[in-house]
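In order, the protein sequence lines correspond to chains A and B. Position one of the first sequence corresponds to residue 0 (numbering that gives the first Met the number 0), numbered consecutively onward. Position one of the second sequence corresponds to residue 0 (numbering that gives the first Met the number 0), numbered consecutively onward. Written below as structure tokens is the structure these notes are about.
Number of protein chains: 2
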Amino acid sequence: MFDNDFHPAWLPDTALRTVGSRRLALAADAAGAPPADAAVLATLETELGRATTAHGGAVVGPDDSPDLLLRLTASSAPGFRLVRHDGRVTVTAASPTALLHGYFHVVRLSVAALDAPSTDESHAPASALRMLDHWDNVDVHPVMGQVERGYAGGSVFYDAGRVRTDLSRVTAYARLLAAVGIDRVSINNVNVHAREARLLTDDLPEVARIAAALRPYGVRTHLSVSFAAPTTLGGLPTSDPLDPAVRDWWRAAADKVWTAIPDFGGFVVKADSEGQPGPFAHGRDHADGANMLAAAVAPHEGLIHWRAFVYNHTQDWRDRSTDRARAAHDHFAPLDGRFADNVIVQVKHGPMDFQVREPVSPVLSAMPGTRVALELQVTQEYTGQQRHAVYLGPAWSEVLRWQPWDSSTVRDGGTPVTVADVASGRGPGRRAGGFAAVANVGDDRFWTGHPLAQANLYAYGRLTWDPTLEPTAVLDEWVSLTFPDAPAELRAAIHAILDASWQTYELYTAPLGVGFMVRPGHHYGPDVDGYEYTPWGTYHFADRDGIGVDRTRATGTGYTGQYAAPWRDVYESPTTCPDELLLFFHHVPYGHVLHSGKSVVQHVYDTHFEGVERVARMVERWDEVAHLVPDDVAHRVRDRLAEQLRSAVEWRDQITTYFWRKSGVPDSNGRRIY
Amino acid sequence: MFDNDFHPAWLPDTALRTVGSRRLALAADAAGAPPADAAVLATLETELGRATTAHGGAVVGPDDSPDLLLRLTASSAPGFRLVRHDGRVTVTAASPTALLHGYFHVVRLSVAALDAPSTDESHAPASALRMLDHWDNVDVHPVMGQVERGYAGGSVFYDAGRVRTDLSRVTAYARLLAAVGIDRVSINNVNVHAREARLLTDDLPEVARIAAALRPYGVRTHLSVSFAAPTTLGGLPTSDPLDPAVRDWWRAAADKVWTAIPDFGGFVVKADSEGQPGPFAHGRDHADGANMLAAAVAPHEGLIHWRAFVYNHTQDWRDRSTDRARAAHDHFAPLDGRFADNVIVQVKHGPMDFQVREPVSPVLSAMPGTRVALELQVTQEYTGQQRHAVYLGPAWSEVLRWQPWDSSTVRDGGTPVTVADVASGRGPGRRAGGFAAVANVGDDRFWTGHPLAQANLYAYGRLTWDPTLEPTAVLDEWVSLTFPDAPAELRAAIHAILDASWQTYELYTAPLGVGFMVRPGHHYGPDVDGYEYTPWGTYHFADRDGIGVDRTRATGTGYTGQYAAPWRDVYESPTTCPDELLLFFHHVPYGHVLHSGKSVVQHVYDTHFEGVERVARMVERWDEVAHLVPDDVAHRVRDRLAEQLRSAVEWRDQITTYFWRKSGVPDSNGRRIY
């Protein structure tokens, strides 16, 4: 059972104060609506009642001069339309879920939505597909725990080997998601272990219970499945995607899923990656595998999210010609055009694995004939594990706004195509794969362990709805909702702590795009050589003379050639390569002078000392304003910041010591290095 | 339930062929004997019957002219006496267990015992205390498994959270131990987790079942206990060793143990070490803690084995003044003279933790007023984990024969005192603590995973019975028993594989006594910097100029000062320090020239290439003779040797690459380094 006294995140009752004090109306006929729509309309009624009861307003009839009228209309437009006229606001949408999103839009804007000049605006998400992937296990995994790469306690869905009896918190979670426009959730780990595989079959009634808990807020359920399920669950002799019996098995399995859950979304698959089964074992390729599943779910308008995170994780560290960064493009780009319409190839934002700094994955712009989704990581696996305050909005914004081609490749309106455009179907291929991300919530009282990590979940929803938003503005929204009536002092402090926190984290961890340098296994804290001699393909090649990975076409792995112009040339030369990615693309001497004018090694010293100083200031800033937030938030954040400072010092000392011991170059500022 | 088709180790039926073909007699009156003695006498009867039934001899009366007469006599001498006269052999002993050891002595010598010229010999072990410590868990530990640092499957005692129902294999194990003279076993992990703690109380009847399974072969049972048991099991508010209620609790607990198991041996304690509770929490020292337990067990003539493995495992890697090597001496030497008579301070052979090469612990010679036991590690945690063929007899022999003082410190007979003498009560203090070792067996078919690792268990028993034995001769004994009628070719091959295997392992792993360089956690395979920035106190301090730990009095941690002369001076200077310990005691430049005439870095290159070549030859030798052993042995050894070769190559490449990248000094032989 849950302690229902969990933190309200960005929907405390006071966030509904303004809307709840008005006259609200809902114009929608639930009669005859599909059950999923009816469920959301019922939620809207409940939400209006809840807000007005709490704050003195009233739910009135559509014709009773409501201040805010929510109306379901027949339309083919996505999203919702907001008309404000004569001090009254009407939100219309073609679907109950879009109407719910419109309602939360008004909640978010509050007075600015209700009491502003007349307007007529249409709001639609960049892409119809905005999804969160949970890496939750049903059974507690002996190494990975209940939630793989989870830093916020146990799972909201599962506890100790079964689906939770009380799923009320799942509904509360769906409400938070609806308020930021997320409407799809995959509920189990893409590393599908034996227990979790059964969600697809024996435990379908339990999955249906989860779907029922998500549904009232318009959130659809997806499942991660094992490609070997026909063998492991079905008892077939093979899982060959071209085998008719295998195809029949998946078709029958899909039929049963949709019978149990008519609004089910589809399957997420990690195949032939890090030990997960896939089509390779049967001599088939990823298109064969994905299309077979696509055929099984097509009658139900289901989707297959097929992850492009495929590489050789048993690489030989001695072999410098194999480059993990190349792998996804090498595997998938040649398959462009072969994937079925309901297959979405889900591509991590960088070519490696959610490092604090990576170039944008070249796969995103290499498959115009494929629906490609951008995959982000909200859970902070490599960015402080929700013990460090790291606001990822700016990092994602940088990726979303990145232009894979030169300015001659434009979208409607003539602006150069961005990654967000590609994912939204506005790139050259005009095929939308949308957005996916690994979730960061658990059964922790604050949902995300670190209370400030809530801002990442919030920003993921907001930035994928509208990738042109400024991440600091999104942060401000989050502060306004989460800390209603926050004094300017608190608002300023949170901005001071979070705005540049991603760069701060970068300052004190792996430098110049080199990546990793984390403790193997749990990935928390520094271990410069931790992965250097492992099979994982994540090396820095430091010796006494220099460091970095030569990924050039001229002398390296040729990875730069996977980019379109101009990037294939920008990255090719250390002269034009951006400093922050230098060691990702080039092996350079420690004395190499950056565009900043500093040598690589002095840059490493300076950034690491600066990073720690910045964290020390974050601690101070919080101490100054902690009295302005509830005690539980104040204490939790203080504890986490103390750990962040300890960890940042450890990072600084290990990294500077490593570079000093290797290079023998003293710090020009004479600071303490060990 | 066990598969009883496990390997017979050094007691195959054919090993009893000679004895079993003769006329054997037992002269002993079990009437009135204590139950433990009666059980061993019954075993002797069974053994004689079993051997003669299988091999055509006969059990006859003592007066029926037996070829071998075993007679229990009244005597105060330890061990047994063997008189051979007129072609008849009489073995006499004062205790049934010693008589059993005498019987297995005859089995081992076979024809050489029965058909040789007349003789009158007395055989007694160096020390009355020769013990094996099992680090077996009752519950499977989520990280450490059923047996901590176990490389031979599950536990012979426990399975899935309980004591095994069928303990017949425990008795078979006791028989193997009796055949090498081991008569004490501690049956649970010194890291006493919650489940295991209950062996002392609720599960005492189950412990009694294990004791009953060991007893027929004269093996007495000891338990590892948690110092916090009065609190965690007894519900007392404190475990302070000077608190009367705590003392009463332990006294009562001990009374119950001895009531259930009258021949129980005593308790093993790991206190204030690696997170285990101990007296420090109560402001008491190790003597206070040990003596309190000693008082509780004294009425039953019980022993307390109190481990000296105490150090700060949350050290700061930046702090070069703290030296883990110093810790045991710093903690225990000042307490010399304060421990009760039935306390044995159990000291690891080296100051660190069972590395392939360490100096001998200075604690062993620093406590003349204390019973000090030498602790060895039969389980190959840091020496290849029973995947590598590493015969440890020569390593232990080196420790046992090591002379902690100069030649003026002599024992009876005038020979210089050795470590074996100290442990056997022939050192300056004349107090015997005996020998203890971490066991290497599990429920694996071959007992030890690697069939050749059986030789280590055998050698531990034989070398602690008689530390003057040559380890190669002991190996020969083991071959003769394990592979009866082994052709010279097989015998030669096993010697070729095992005789120098310890040095071979040293050649391809951490060089020159520097230690560790293993993967953190599981400790298998190389990771040169794996522990370099951790809290564990195991560093090498490599930079681009040099490597090693300065433990001198002049400029380092002062550890050399813990030794008596001449070692305090021998180790102090790199000129006199033995090459194989150079990096343990000194931080030197890569170009430092060893006594061998090679530079440190060239030595590292040469030894690592040579080590791999040696393993390749081990593989070849086994392939040549594998047809001479049973198929199961042949295949298992072949598989393990293949893994050893793979692992040795990995060690070679990582170590040579690390030294090359750090030093920039090329291999003078131009071999491939990465």
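Virtual Cβ for every residue (Gly too), placed ideally from N, Cα, C.
Neighbour list for Lys269/A in chain B, Cβ cutoff strictly below 8 angstroms
Residue 269/A sits at position 270 when you count from the first residue of the first sequence. Chain B residues near Lys269/A: none, gap ~24 angstroms exceeds 8 angstroms.
Span of the alpha helix (DSSP H), counted from its first residue to its last, around Ala285/B
Here residue 285/B corresponds to residue number 286 of the second sequence, with the count starting at 1. According to the sequence as given, residue 285/B is His; it is not Ala. Note, His285/B: alpha helix (DSSP H), His285 to Val296.
Nearest CA to the CA of Trp316/A: which residue from Gly31/B, Thr656/B and Ala431/B?
On the first sequence, position 317 is the one that residue 316/A refers to. Cα-wise, what sits closest to Trp316/A is Thr656/B.
What residues from chain A crowd round Ala53/B, counting only those whose CB sits closer than 7 angstroms?
If you number the second sequence from 1, residue 53/B lands on position 54. Those within 7 angstroms of Ala53/B in chain A number zero; the least Cβ separation is about 46 angstroms.
Close-in-space but distant-in-sequence residues of the same chain around Glu44/A (CB under 7 angstroms, 5 per side omitted)
Reading the first sequence from its first residue, position 45 is the one you call residue 44/A. If we look at Glu44/A and ignore the five residues flanking it on each side, its Cβ neighbours are Leu25.
Suppose the cutoff is 6 angstroms on Cβ atoms and the five residues either side in sequence are ignored; what does the same chain contact list for Pro7/A look like?
The count along the first sequence starts at 1 and reaches residue 7/A at position 8. Around Pro7/A: no qualifying Cβ.
Alpha-carbon to alpha-carbon, Ser238/B and Phe226/B
Along the second sequence, one-based indexing puts residue 226/B at 227. Along the second sequence, one-based indexing puts residue 238/B at 239. Distance between the alpha carbons of Phe226/B and Ser238/B is about 7 angstroms.
Counterpart residues of Leu222/A in DSSP-defined beta bridges:
Here the question's residue 222/A lines up with position 223 in the first sequence. DSSP output for Leu222/A lists Phe266/A as bridge partner(s).
Backbone secondary structure at Asp340/A - three-state DSSP
Taking the first sequence and counting its residues from 1, the one referred to as residue 340/A is at position 341. Asp340/A falls in the coil class under three-state DSSP.
Can you confirm whether Gly441/B, when its beta carbon is compared against all beta carbons of chain A, has any partner nearer than 8 angstroms?
Residue numbering aside, residue 441/B sits at position 442 when the second sequence is read from its first letter. So, not an interface residue.
Quick check on this structure: which residue in Arg107/B, Phe608/B and Val648/B has the alpha carbon closest to the alpha carbon of Gly669/B?
Counted from its first residue, the second sequence places residue 669/B at position 670. Closest by alpha carbon: Phe608/B.
Let me see if you follow: with CB-CB separation under 8 angstroms, is Met0/A close to chain B or not?
Sequence index remark: in the first sequence, residue 0/A carries index 1 (1-based). Low per-residue confidence applies at Met0/A: pLDDT is 33, beneath 50, and the placement is therefore not dependable enough to give any value.
Could you spell out where the alpha helix (DSSP H) holding Gly432/A opens and where it closes?
Reading the first sequence from its first residue, position 433 is the one you call residue 432/A. Taken as a continuous stretch (DSSP letters only), Gly432/A belongs to no alpha helix (DSSP H), being part of the beta strand (DSSP E) at Ala431 to Val437.
With a CB to CB cut of under 6 angstroms and the five nearest residues on each side skipped, what residues in its chain are close to Trp395/B?
The residue given as residue 395/B occupies position 396 in the second sequence. Once the five neighbours on either side are set aside, the close Cβ partners of Trp395/B are Leu375 and Leu462.
Excluding sequence positions up to five away, which residues of its chain have a Cβ less than 6 angstroms from the Cβ of Val90/A?
Walking along the first sequence from the start, residue 90/A turns up at place 91. So the qualifying residues of the chain are Leu69, Phe79, Leu81 and Gly101.
Buried or exposed (CB count within 10 angstroms, at least 16 for buried), Pro565/A
One-based indexing of the first sequence puts residue 565/A at position 566. It counts as exposed.
Length-filtered (3 minimum) beta strand (DSSP E) runs lying within the region 76-129 of chain A:
79-84, 87-92 and 118-122
Could you compute how far the alpha carbon of Tyr507/A sits from the alpha carbon of His521/A?
As a first step, residue 507/A is located in the first sequence; it is residue number 508 there, counting from the start. As a first step, residue 521/A is located in the first sequence; it is residue number 522 there, counting from the start. The straight-line gap from Cα to Cα measures roughly 19 angstroms.
Asp542/B at chain D interface by Cβ criterion, 8 angstroms
The chain labelled as chain D is not found among the protein chains of the depicted structure, namely A and B.
DSSP state of Ala14/A, grouped into three classes?
Within the first sequence, the letter at position 15 stands for residue 14/A. If DSSP states are grouped into helix, strand and coil, Ala14/A belongs with the helices.
So which residues on chain A does Asp528/B lean against when the C-beta distance must stay under 9 angstroms?
If you number the second sequence from 1, residue 528/B lands on position 529. Simply Asp526, Val527, Asp528, Gly529, Glu531 and Tyr657.
I'd like the list of long-range same chain contacts for Gly590/A, defined as Cβ closer than 6 angstroms, with 5 residues on each side in sequence excluded.
Along the first sequence, one-based indexing puts residue 590/A at 591. Excluding residues within five positions, the ones whose Cβ falls inside 6 angstroms are Ser598.
So, helix, strand or coil for Gln345/A, using DSSP?
What you label residue 345/A is simply residue 346 of the first sequence in a count that begins at 1. If DSSP states are grouped into helix, strand and coil, Gln345/A belongs with the strands.
Pairwise C-alpha distance: Asp66/A and Gly56/A
What you label residue 56/A is simply residue 57 of the first sequence in a count that begins at 1. What you label residue 66/A is simply residue 67 of the first sequence in a count that begins at 1. If you take the alpha carbons of Gly56/A and Asp66/A, they lie about 10 angstroms apart.
So for Ile546/B, helix, strand or coil by DSSP?
To locate residue 546/B, count along the second sequence from 1; it is residue 547. If DSSP states are grouped into helix, strand and coil, Ile546/B belongs with the strands.
Under the DSSP definition of a beta bridge, which residues are partnered with Trp501/A?
On the first sequence, position 502 is the one that residue 501/A refers to. In the DSSP output, where bridge partners are listed per residue, Trp501/A has none listed.
Identify every run of the alpha helix (DSSP H) within the region 459-493 of chain B, keeping only runs that are complete inside it and at least 4 residues long; order them along the chain.
470-481
Give every residue of the same chain whose Cβ lies closer than 6 angstroms to the Cβ of Glu120/A, excluding the five residues on either side of it in the sequence, and list them in chain order.
Within the first sequence, numbered from 1, the residue matching residue 120/A stands at position 121. Excluding residues within five positions, the ones whose Cβ falls inside 6 angstroms are Leu81.
Going along the chain, which residues of the region 491-509 of chain B sit with their C-beta nearer than 9 angstroms to a C-beta in chain A?
none
Which residues of the region 135-156 of chain B have a Cβ closer than 7 angstroms to any Cβ of chain A? Give them in chain order.
Pro141
Three-state secondary structure (DSSP) at Pro215/A?
Stepping through the first sequence from its first residue, residue 215/A is reached at position 216. Pro215/A: helix per DSSP, three-state reduction.
Under the DSSP definition of a beta bridge, which residues are partnered with Tyr150/A?
Working through the first sequence from its first residue, we reach residue 150/A at position 151. Answer is none; Tyr150/A lacks a bridge partner.
Between Met0/A and the rest of its own chain, which residues show a CB-CB distance below 8 angstroms, the 5 nearest in sequence each way excluded?
If you number the first sequence from 1, residue 0/A lands on position 1. Note that Met0/A scores a pLDDT of 33, beneath 50, so its modelled location is shaky; the value from the coordinates is reported in the next line. Here the set comprises Thr164 and Asp165.
Name the DSSP bridge partner or partners of His304/A?
Within the first sequence, numbered from 1, the residue matching residue 304/A stands at position 305. Val267/A and Ile343/A, per the DSSP bridge assignment.
Indicate the three-state DSSP secondary structure (helix, strand or coil) for Asp2/A in the structure shown.
Mapped onto the first sequence, residue 2/A falls at position 3. Annotation note: pLDDT 46 at Asp2/A (below 50); position unreliable, coordinate value reported separately. Three-state DSSP puts Asp2/A in coil, outside helix and strand.
Quick check: what's the CA-CA separation for Glu612/B versus Arg660/B?
In the second sequence, counting from the first residue as 1, residue 612/B sits at position 613. In the second sequence, counting from the first residue as 1, residue 660/B sits at position 661. So the alpha carbons of these two residues sit roughly 23 angstroms apart.
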